[in-house]
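As structure tokens, the structure follows; a few thoughts come after it.
4 protein chains.
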Amino acid sequence: MMLDTSAAGVFVIAPTPFADDGALDLDSAARMTEAFLEAGATGLTLLGIMGEAPKLDAEESLRFAQHVITRVGGRVPVIVGVSAPGFAAMRSLARGAMDAGAAGVMIAPAAGLRGDDAVMAYLRQASQVVGDAPWVLQDYPQLTSVAISAGMVTTLANEDARLVMLKAEDHPGLDKLSAIRAAEAKGARRLAILGGNGGIFLPQEIERGADGIMTGYAVPEMLVRVRELILQGEREAAHDLFDLHLPLIRYELQPGLGLAVRKHALMRRGIIASAALRNPGPKLTPATLAEVEFILARLARRDPTLRL
Amino acid sequence: MMLDTSAAGVFVIAPTPFADDGALDLDSAARMTEAFLEAGATGLTLLGIMGEAPKLDAEESLRFAQHVITRVGGRVPVIVGVSAPGFAAMRSLARGAMDAGAAGVMIAPAAGLRGDDAVMAYLRQASQVVGDAPWVLQDYPQLTSVAISAGMVTTLANEDARLVMLKAEDHPGLDKLSAIRAAEAKGARRLAILGGNGGIFLPQEIERGADGIMTGYAVPEMLVRVRELILQGEREAAHDLFDLHLPLIRYELQPGLGLAVRKHALMRRGIIASAALRNPGPKLTPATLAEVEFILARLARRDPTLRL
Amino acid sequence: MMLDTSAAGVFVIAPTPFADDGALDLDSAARMTEAFLEAGATGLTLLGIMGEAPKLDAEESLRFAQHVITRVGGRVPVIVGVSAPGFAAMRSLARGAMDAGAAGVMIAPAAGLRGDDAVMAYLRQASQVVGDAPWVLQDYPQLTSVAISAGMVTTLANEDARLVMLKAEDHPGLDKLSAIRAAEAKGARRLAILGGNGGIFLPQEIERGADGIMTGYAVPEMLVRVRELILQGEREAAHDLFDLHLPLIRYELQPGLGLAVRKHALMRRGIIASAALRNPGPKLTPATLAEVEFILARLARRDPTLRL
Amino acid sequence: MMLDTSAAGVFVIAPTPFADDGALDLDSAARMTEAFLEAGATGLTLLGIMGEAPKLDAEESLRFAQHVITRVGGRVPVIVGVSAPGFAAMRSLARGAMDAGAAGVMIAPAAGLRGDDAVMAYLRQASQVVGDAPWVLQDYPQLTSVAISAGMVTTLANEDARLVMLKAEDHPGLDKLSAIRAAEAKGARRLAILGGNGGIFLPQEIERGADGIMTGYAVPEMLVRVRELILQGEREAAHDLFDLHLPLIRYELQPGLGLAVRKHALMRRGIIASAALRNPGPKLTPATLAEVEFILARLARRDPTLRL
């Protein structure tokens, strides 16, 4: 199954589950895979920034990817993040992931690139590096400091048939999303566009023309349902449901800390066995844990989807 | 009236109102001042980052500050932001503001300072530069890239009696807030601490020991009310009210764009005449305006405080 | 006298002389002006980054500029740096400088702009802000983190007749300089191009087609002479003379520290009365002073131009 | 052979030789190893920033390190750079390098760490990650944006016996080097300190108390000889020789471009077969090549050590 521009829905970004001692926890990975598919995921993304990818060595990265891809067994496409500080590591991981059955790879431009020419040159080279894999362009300037304009996206889309998806998480980024769709309406090649940013603009992203969202929010059932409601024209109901989750979405968006919160929520839902992060990474303080539990409890009272 | 460590409540960060042609709009400034005081503001902050301070020249900055301070007439303390690329401009503005009746000044470390020693040296020099003015330390690393640890804050507090307030808007920053309060409990000099970040963690900030918040959210009535509810022990009610406002808070937090949204909301509330920003600044697209109106309408239906 | 694209030679960037107590030292400014003109300067640049511009308030900036411009009395064009955190301050300073007789203004893009579109928008707005003043584009990404490609320079040159000069100090930047000259050879409007970066690539810049250099090296006589030698075809002699000065050029290029070294050298040459910098700024340690003196002594023995 | 604090002299940072098609060129690696040892290197450093380390995958990194370490055969200590985006990759590479016979590893703090506490926490964790390997702290803020004060260095030195060397390349950094030596004179544990920065401050570094230098300058014979002359009290002769090389040192220091220049010079000296860099990397233009050749020819006429 190869990723193409018809991709849509909710691609859940999977964290990488570790045991309390930091070892890869493949049992949790299997359980998590089933949970996300049951939640309505139409795809999975592994080894993204939220997957603590830089904290795995090359062998572990491939082992984790192979394990999940095998478990998914073709039910949905699996995307593997291959952003790396150099092209050699990117090539190795991309080849290994595709050999293991990935549907495509995801690439963000190297942090700190300056000037549109340098960014475009990097992305063109990266596309060559991943061979014949379909690829997702991750536009995430909060982390990379790299600006990618709507025009750069459509230029790449027109010249590179293997670029099939944009993960749109510039911030602010809604007008850019609209600009890309407008350019497509005038003839540019159409990409699948999935939103991101922890889901904090999910309703707006769908309303602006995104085909779905790719994020790691701890309650992906909500992402699926909100998108459906909007597509069914139930705008107020969509926002009603979404707004219930905003307090948790916001709490999960805290840089660094957010992933620890997310893993805690997944552990509380029984999806992974341990909330441990590898070093360097934050540990939740008692005060933070209490806040998370308070938010989860309020949410569980309001949205029956969330069972703890 | 001089600012001291007993300051508390809601200090509203005032935008700088412009006419559509970019001229200072002092009539709107006067109306805005009254609106914020009626909303329950216990202080005002002028010429912060949200006040487009760098877009005013030296004469305009002082004229605007004088106008608002005169209008306030001593009812609440007024803080003037004096962060500047150099100490000469900081000194001029601080002197002018204090002469005009400001209660204190606010200083953020210069962007890009690296290493705790350099940051401390800068802040100590800046304190000298503003003469005998009470001052507020703005901890806003998202903009400055400067890290200020809890230990640095308490060291400064202990050695500099004119440092009276911390505007705490590191992100994530709640555990740092708790750490400072813990150090104070063990003997460090107590500062007034106000939260920030557009209010997105208001309930948690108060629960962690903040004395209030300093932010420019377009519906400051909510900030006042949520703080009161928490202090009265009505935690669930506080979160219920706060959560109603999260969709707008989140929308206003978009870097760059948020101020334009905020000014639009203030214009829609009849508080300022024009939502214009000076260049360089964003203009709201029709799609963005429609989203803001949708959010405002939903909020007005749920919180009668907000009349449009 | 208005700056135009025929400008060439050595534009000396003047430091701002202060007394030991930090007061503006206008006597030294006058003496320095004469010294630079005697050294063969074909222009002066005031209030550049090396001129500690952000450490002057608005009134001081204008007073200093007026003093020097009056002293120059039209013998050479004087350029005033007007880069500022906002357009209001830029407009005020540009108007004041031009009213005082400046030949043009110099603008660097605001630090941190991302994406070619944002950079171009900023520069187009800035050009409007400075009214009818001829302007110099300062391309200095080491400080601004902003990339300006050769194509962006020629696009601006073609559309804006008031853009008359490029201060080319990207690093590395020699191939970009060649690329701009190549584009001009194919029809783009020709700009005056002056090098920079403390002179560390002076011979190469001239050989690549620069019309001269704009920098604050403490021995501008060398800059003048090296350029002349290259234009006369005396390439080896030019490099021989230049290489004598490289140890000092290199020492002056240390970020932050270099300006203190430069002021010390100018003081030792009897050109300014004090080497003082305003805060925040480094003070030379005894070990550093000894190194500077050693380098100056070696240079004075080899290049009789340098009298101490 | 384990690295300890008695290390001194010239540790040459080896580039990673590639064939024109980008394949690892182990024959050149062997020839280069012999050339550096003949030049007087007292140590080698592999997989530093200049070694294009991020462009090798994990297997290649180890293969290259093993090949060179075997070739060196214990004649001098070999240090392997293990800075990596995550600790898992750092651990794998450190273990592999030490197993292959490396004398120690080199670690720079992760780019972008803010605040002294975060930097110290990272370095302490990294020291644990590399197991029982002696390690070198690389202080290179131009690349990492991380400030490490003299006090932080001596704190780490006192608490971690496996920290044996500082690669001192802050810029400016000479006064920090002096400050560390002064702290050691007052009782802090003494580290080996080697300078860096392409050698551009070699004489000053040695005079300030550095035990040598670790850099990849293309003519390491000069580094060896200059250090000897200074230690023999021949200061003027040392500077005379050094100054001959400054034009090339400066040219090699251009970020990004410099490594291509350095590889070209090594190729011209017959030390490596190809000057190729892996992507993304610059290609020297004809104009740049001509400048390099001009500089090399001038140098070869003045310093007979350099045969082309």
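Chains as they are written, first to last, in my numbering: chain A, 1 to 308; chain B, 309 to 616; chain C, 617 to 924; chain D, 925 to 1232. Backbone N, C-alpha and C fix where the C-beta goes; we use that ideal spot for every residue, glycine too.
What is the rounded straight-line gap between the Cα of residue i and the Cα of residue j?
i: Leu1061 of chain D; j: Ala1026 of chain D; result: 16 Å
i: Arg740 of chain C; j: Met722 of chain C; result: 14 Å
i: Ala7 of chain A; j: Ala608 of chain B; result: 37 Å
i: Pro1033 of chain D; j: Ala1081 of chain D; result: 15 Å
i: Glu360 of chain B; j: Asp328 of chain B; result: 15 Å
i: Leu537 of chain B; j: Leu616 of chain B; result: 24 Å
i: Ala581 of chain B; j: Asp365 of chain B; result: 22 Å
i: Glu958 of chain D; j: Ala798 of chain C; result: 43 Å
i: Asp139 of chain A; j: Met714 of chain C; result: 43 Å
i: Asp424 of chain B; j: Val80 of chain A; result: 39 Å
i: Leu556 of chain B; j: Arg516 of chain B; result: 23 Å
i: Arg71 of chain A; j: Gly1020 of chain D; result: 32 Å
i: Thr452 of chain B; j: Leu1230 of chain D; result: 48 Å
i: Phe942 of chain D; j: Ser952 of chain D; result: 8 Å
i: Gly946 of chain D; j: Ser127 of chain A; result: 17 Å
i: Phe87 of chain A; j: Ala397 of chain B; result: 47 Å
i: Val532 of chain B; j: Leu539 of chain B; result: 11 Å
From what residue to what residue does the beta strand (DSSP E) around residue i run?
i: Gly412 of chain B; result: 412-415
i: Leu311 of chain B; result: No beta strand (DSSP E) contains Leu311 of chain B, which DSSP labels as neither H nor E.
i: Ala1221 of chain D; result: Note, Ala1221 of chain D: premise wrong, no beta strand (DSSP E); alpha helix (DSSP H) at 1210-1226.
i: Phe627 of chain C; result: 625-629
i: Gln1062 of chain D; result: 1059-1063
i: Val746 of chain C; result: No beta strand (DSSP E) contains Val746 of chain C, which DSSP labels as neither H nor E.
i: Ile387 of chain B; result: 386-389
i: Lys1091 of chain D; result: 1087-1092
Enumerate in chain order the residues of its own chain whose CB-to-CB distance from residue i is below 7 Å, with the five nearest sequence positions on each side excluded.
i: Gly74 of chain A; result: Met1
i: Tyr319 of chain A; result: Since the displayed chain A opens at 1 and closes at 308, residue 319 of chain A lies outside it and no answer follows.
i: His239 of chain A; result: Pro203
i: Ile377 of chain B; result: Val386, Ala408, Gly409, Ala410
Output the boundary residues of the alpha helix (DSSP H) element that contains residue i.
i: Met1076 of chain D; result: 1074-1083
i: Asp1023 of chain D; result: 1011-1023
i: Leu421 of chain B; result: Looking at the DSSP string, Leu421 of chain B is not in any alpha helix (DSSP H), and its letter there is neither H nor E.
i: Gly1182 of chain D; result: 1181-1192
i: Gln254 of chain A; result: Careful: Gln254 of chain A lies outside any alpha helix (DSSP H) and carries neither H nor E.
Pull up the CB-CB distance for residue i and residue j, whole angstroms please, since I reckon it's below 8 Å.
i: Pro449 of chain B; j: Leu311 of chain B; result: About 23 Å separates the two Cβ atoms, so there is no contact after all.
i: Ala179 of chain A; j: Ala150 of chain A; result: 4 Å
i: Gly541 of chain B; j: Ile521 of chain B; result: 19 Å between Cβ atoms; not a contact.
i: Leu332 of chain B; j: Phe372 of chain B; result: 6 Å
i: Asp1094 of chain D; j: Thr901 of chain C; result: Contact flag wrong, Cβ pair sits at about 15 Å.
i: Leu345 of chain B; j: Val384 of chain B; result: 7 Å
i: Pro15 of chain A; j: Leu266 of chain A; result: 7 Å
i: Glu221 of chain A; j: Gly40 of chain A; result: 6 Å
i: Phe1166 of chain D; j: Val1150 of chain D; result: 5 Å
i: Val437 of chain B; j: Thr313 of chain B; result: Val437 of chain B to Thr313 of chain B, Cβ: 21 Å. No contact.
i: Thr42 of chain A; j: Val10 of chain A; result: 6 Å
i: Leu259 of chain A; j: Met50 of chain A; result: 6 Å
For residue i, which residues in the same chain have their Cβ closer than 6 Å to its Cβ, ignoring the five residues on either side in sequence?
i: Arg918 of chain C; result: Leu860
Leaving out five residues before and five after residue i in sequence, what residues of the same chain have Cβ atoms less than 8 Å from its Cβ?
i: His1188 of chain D; result: Ala1199, Leu1208, Leu1213, Val1216
i: Gln1178 of chain D; result: Val1185
i: Leu1220 of chain D; result: Leu1172, Ala1189, Arg1192, Leu1230, Leu1232
i: Tyr1101 of chain D; result: For the record, residue 1101 of chain D in the displayed sequence is Leu; it is not Tyr. Ala1092, Ile1117, Gly1119, Glu1129, Arg1132, Gly1133, Ala1134, listed in sequence order.
Practice item. For the region 344-383 of chain B, list the beta strand (DSSP E) runs that are entirely contained and at least 3 residues long, ordered along the chain. Key: 351-354
**Study point:** Whole alpha helix (DSSP H) elements within the region 794-846 of chain C, 4-residue minimum
**Key:** 818-823
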